[in-house]
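Residue numbers (UniProt numbering): 1 to 176.
For each residue, glycine too, the CB sits at the ideal point set by N, CA and C.
What follows is a single structure, written as structure tokens, with notes after it.
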Amino acid sequence: MPPQTPRYKSLLSLEECALLLIDGPFDVKDRHDAATPSAGLAILLETAYLHEVPVLVTSMVADRAHAESRFGQTTSVIVHAQANPLDNALVCETLATFARRRLLIGGGHVNTCLVFAALSALELGYDVYLLHDLCCEAASDMAVTRMLQAGAVPVSVPQVICEWQRHFAPMRSAVS
């Protein structure tokens, strides 16, 4: 069970982080433009895989094989029907098995699935980091504001990778 007091003043570490990717409209195989959410996600997933950071992908896509094919080297893909992925017991159990206090959350359906999951994770005692550059655009500003007001911390993919790798020489990343 994660502690109840967030520790947002310290850098992210590989040992404390897990990724929760929620219903993202991404194609991680499209990495041509490094500024796109798809490219950022692909780099983040590859870096997480290299450093054994656990990843949970949730999808409302009914075809599990399709959902799994979109995310490659992830630890788990869970298909759910709830607006809040954390209302699914399997999602909560999987996150608990990761034994990580910091959840980095990104994905689609920002106004519902993402905000519900972030608020629920905060309520459960996780430190929540919103992968802002993996979320939808301006239409989601109010949902993002709500998550920030509740205590989620906005971070970008490059920031996460730099914080994770501060202890490694030479650095290992999907970009190097």
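Beta-carbon proximity list for residue i, same chain, < 7 Å, skipping 5 on both sides
i           : result
residue 177 : Residue numbering for the chain in the displayed model covers 1 to 176; residue 177 lies beyond these limits and cannot be assessed.
P158        : none
C92         : L86
V98         : Per the sequence shown, the amino acid found at residue 98 is Phe instead of Val. Closer than 7 Å at the Cβ level, and outside the excluded window around F98, lie A18, P54.
R146        : V115
L14         : H51, V53, W164
Contacting residues, own chain, Cβ-Cβ under 6 Å from residue i (five flanking each side not counted)
i    : result
Y129 : L104, V153, V155
S76  : L56, T94
M60  : D23
A150 : L119, L122
H80  : T58, N88
H109 : D23
L90  : I78
H132 : P154
L124 : none
A139 : Caution applies to A139, whose pLDDT of 49 falls short of 50 and renders its modelled position unreliable; the model cannot decide the point.
Buried or exposed (CB count within 10 angstroms, at least 16 for buried), residue i
i    : result
L11  : exposed
T58  : buried
M142 : exposed
For residue j and residue i, believed in contact at Cβ under 8 Å, the rounded distance
i    : j    : result
V160 : L44  : 7 Å
E16  : R100 : 6 Å
Beta-carbon proximity list for residue i, same chain, < 8 Å, skipping 5 on both sides
i           : result
K9          : none
Q82         : N88
residue 179 : Outside the shown range of the chain, which is 1 to 176, sits residue 179, and nothing can be said about it.
The ligand COA heavy atom lying under 7 Å from the CB of residue i
i    : result
D133 : With respect to the ligand COA, the structure offers nothing, as it holds no ligand at all.
Can we say the region 109–118 touches the region 44–54, given the rule of at least three CB pairs closer than 8 Å? no
For a minimum of 3 consecutive residues, which ranges assigned as the beta strand (DSSP E) are wholly contained in the UniProt domain "Isochorismatase-like" (77–157)? 102–107, 127–131, 153–155
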